[in-house]
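In my numbering, the protein residues as written are 221 to 281.
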């Protein structure tokens, strides 16, 4: 049985804005035990599902 590959490395202590005027802007986040920011693809998929139900809404995740 093959060992699974580790997840790709991420920039330490940063999250990236994925939409809107500030798209691709990186924000520093605190080093908090247990904090695991949601991945870009998961957030993008979630908001794509919500978009038809919330037309014109502004959302901060």
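Here a beta-carbon is modelled for each residue, glycine too, at the ideal position from N, C-alpha and C.
Contact belief for residue i with residue j at Cβ below 8 Å, rounded distance in angstroms
i, j, result
"residue 246", "residue 261", "At roughly 17 Å, the Cβ-Cβ gap does not stay under 8 Å, so residue 246 and residue 261 are not in contact."
Identity of the residue in the options nearest residue i by Cα
i, options, result
"residue 252", "273, 278, 234, 280", "234"
Between the CA atoms of residue j and residue i - distance to the nearest angstrom
i, j, result
"residue 276", "residue 224", "41 Å"
"residue 255", "residue 249", "10 Å"
"residue 267", "residue 242", "16 Å"
"residue 258", "residue 269", "16 Å"
"residue 280", "residue 271", "13 Å"
Proximity below 7 Å, CB of residue i to CB of residue j
i, j, result
"residue 278", "residue 238", "no"
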